[in-house]
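Following: one structure in structure tokens, then a few remarks.
Protein chains: 2
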Amino acid sequence: MDMSDGQDVLFRTLADPTRRALFERLCREGEKTVGALTARAGVSQPVVSKHLKLLKQAGLVNDRHEGRQTHYSARLAALSPLVDWTSEMTGFWQNRFDDLEDLLKRMDQ
Amino acid sequence: MDMSDGQDVLFRTLADPTRRALFERLCREGEKTVGALTARAGVSQPVVSKHLKLLKQAGLVNDRHEGRQTHYSARLAALSPLVDWTSEMTGFWQNRFDDLEDLLKRMDQ
DNA sequence: CGCTTACATAGCTCACCGGCTATATATAAA
DNA sequence: TTTATATATAGCCGGTGAGCTATGTAAGCG
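These protein sequences, in sequence, are chains A and B.
Count the first sequence with numbering that gives the first Met the number 0 and you get residues 0 to 108, in order.
Count the second sequence with numbering that gives the first Met the number 0 and you get residues 0 to 108, in order.
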């Protein structure tokens, strides 16, 4: 019934700049190891790991283990609630605009 | 140079559920007074006012003073950085997909 | 088997933020 | 002019969360 949960998690997860930057890098540059991500993240490796964990819980990334390293990649499908939300918001405006047009038409008669 | 500022403010502002709910109501139902918003917000009037202040600072709402009351309304244009960001992220994926296709084509020759 | 490397987890601290009440300000009403 | 109503501001408090260091776990290497 309530679609807001997915949106809630998404907004909350993407609100942090460091975390969003990690996700953006995975989108731009594709699959990366934790070490590669840590190199230019500006924060310590444990912090990167923690953020990646939260991103994974939000469904925004996948992880793949290969020996000692873990490769992370972006899951763009997870963004759909965000897209849905924005189009819903703009849609409401459209509806009210239509209503206004209807009203004006009826007043014109 | 850095487009991330607008995105940062937007994500941070919309991350709070109470605040996002206020914005959603303004989108759905159009202009509302603080009192009308407070009635079904589940929090006290000062909290609503504080959230509206933050929404205004993010450019997400307008306010209009009429006697003792203040009418707030949604500014959907403020959502564009969000739309830009999502299409940018999905765009990166598209580019890498194109690169992959190119690579496969070249390998095929 | 030690030793190193790659990542995850634990535990701490500190700043921020969302909630509250109390109060200020401003406009309408009596 | 006093009183009531609508909103904003001030100030306090508790929880959350992002950062750190230290340590655990597990895989490659001598």
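Backbone N, C-alpha and C define an ideal beta-carbon position, used for all residues, glycine too.
Small disclaimer: the values here were computed from a predicted structure and weren't measured.
Each residue's CA atom was taken as its position, placing B/R67 and A/Y71 some 54 Å apart. Chain A places a beta carbon closer than 8 Å to that of B/E23, counting this residue as a contact. With fewer than 16 other Cβ atoms inside 10 Å of its own Cβ, A/V42 counts as exposed. Distances from the CA of B/Q93 to each of A/P80, A/T89 and A/L75 were compared; the closest alpha carbon is that of A/L75. Under the Cβ criterion of 8 Å, B/V8 is not counted among the residues facing chain A.
Along the segment 66-79 of chain A, the positions whose C-beta sits under 9 Å from a C-beta of chain B are A73, L75 and L78, read in chain order.
Taking CB atoms only, A/A14 has a neighbour in chain B less than 8 Å away.
When DSSP states are grouped into helix, strand and coil, A/V82 belongs to the helix group. Between A/S86 and the set B/E23, B/D7, B/R11 and B/D4, the nearest pair of CA atoms involves B/E23. Distance from the Cα of B/K55 is smallest, within the candidate group B/A35, B/A40, B/L78 and B/D83, for B/L78. Scanning its chain for C-beta atoms nearer than 8 Å, with the 5 sequence neighbours on each side dropped, one finds around B/D15 the residues H50, in chain order.
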